[in-house]
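Asks: In this note's numbering, the protein residues as written are 16 to 195. My questions all concern the structure below.
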């Protein structure tokens, strides 16, 4: 697949559907009701939280999807699905039952606007494509390689393998397959 739509899934809190892995599976099942067809899903990985304070590990994955949406309308749908599973945005990098990020939308490039990172506040960030953190996050790149091994970063042209090789070894070593 030359220009896929890729989303990241993650969570580190239980939801009414159960522990994080069960929540991710339930979120994938409900996507069709939102007009989102899931074509492939990477294995689930356990990953340490990025927060500066202690919190449970995350369960992360990446899915290759198809949708007849604009990037913004798809992102809005992903946020509605998060809310269905109990996601409340109170604090950046807080524990959450479900996090859905639009990583790449058919290679489109939408520059990031506004504050990002720790200065971004608590609401949803404005659409930016590819996802601004994609190249620096082992917990995204490892499952992305599982579903789209030929993927290349739309801005840099680097392959997913090249991006993984550029990460600190400790970041890659911290990611492990989730058995749940």
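Quick reminder that beta carbons are idealized off the backbone N, C-alpha and C, glycines included. From a predicted model like this one, the values you see are computed outputs, not experimental measurements.
(1) Considering only the alpha carbon of each residue, which of 154, 163 and 153 lies closest to residue 122?
(2) For residue 77 versus residue 57, is the C-beta distance shorter than 8 Å?
(3) Could you check how far apart the C-beta atoms of residue 125 and residue 143 are, in whole angstroms? I think they sit under 8 Å.
(4) Taking 8 Å as the cut-off, decide whether the C-beta atoms of residue 153 and residue 114 are in contact.
(5) Does DSSP classify residue 154 as helix, strand or coil?
(6) My output table needs one value for residue 191: the three-state DSSP class, helix, strand or coil.
(7) Nearest by alpha-carbon distance to residue 161: which of 36, 179 and 69 is it?
(8) Under 7 Å Cβ to Cβ from residue 53, same chain only, skipping five residues before and after it: list those, please.
(9) Should residue 28 and residue 35 be called a contact, given that it needs their Cβ atoms to be closer than 8 Å?
(10) Taking C-beta to C-beta, are residue 22 and residue 93 nearer than 8 Å?
(11) Quick one: residues in its chain with C-beta nearer than 7 Å to the C-beta of residue 194, no 5 flanking neighbours on either side, listed in chain order?
(12) Looking only at its own chain, which residues have a Cβ that is under 8 Å from the Cβ of residue 64, when we skip the five neighbours before and after it?
(13) Tell me which residue opens and which closes the alpha helix (DSSP H) that residue 91 is part of.
(14) What does residue 55 pair with, by DSSP beta-bridge criteria?
Replies: Short version:
(1) Nearest in C-alpha terms to residue 122, of all of 154, 163 and 153, is 163.
(2) Less than 8 Å separates the beta-carbon of residue 77 from that of residue 57.
(3) That pair is a contact at about 6 Å.
(4) No, these two residues do not count as a Cβ contact at 8 Å.
(5) It is helical.
(6) In this structure, residue 191 counts as strand in the three-state DSSP scheme.
(7) Residue 179 holds the alpha-carbon nearest to the alpha-carbon of residue 161 among 36, 179 and 69.
(8) Short of 7 Å from the beta carbon of residue 53, and not among the five residues preceding or following it, lie these beta carbons of its own chain, in chain order: 43, 46, 78 and 80.
(9) Contact: yes.
(10) Yes; because the gap between Cβ atoms is below 8 Å, this pair is in contact.
(11) Setting aside the 5 residues that flank it on each side, residue 194 has no residue in the same chain whose C-beta is closer than 7 Å to its C-beta.
(12) 27, 70, 71, 72, 73, 108 and 110, listed in sequence order.
(13) Taken as a continuous stretch (DSSP letters only), the alpha helix (DSSP H) holding residue 91 covers 86 to 99.
(14) Its beta-bridge partners are 79.
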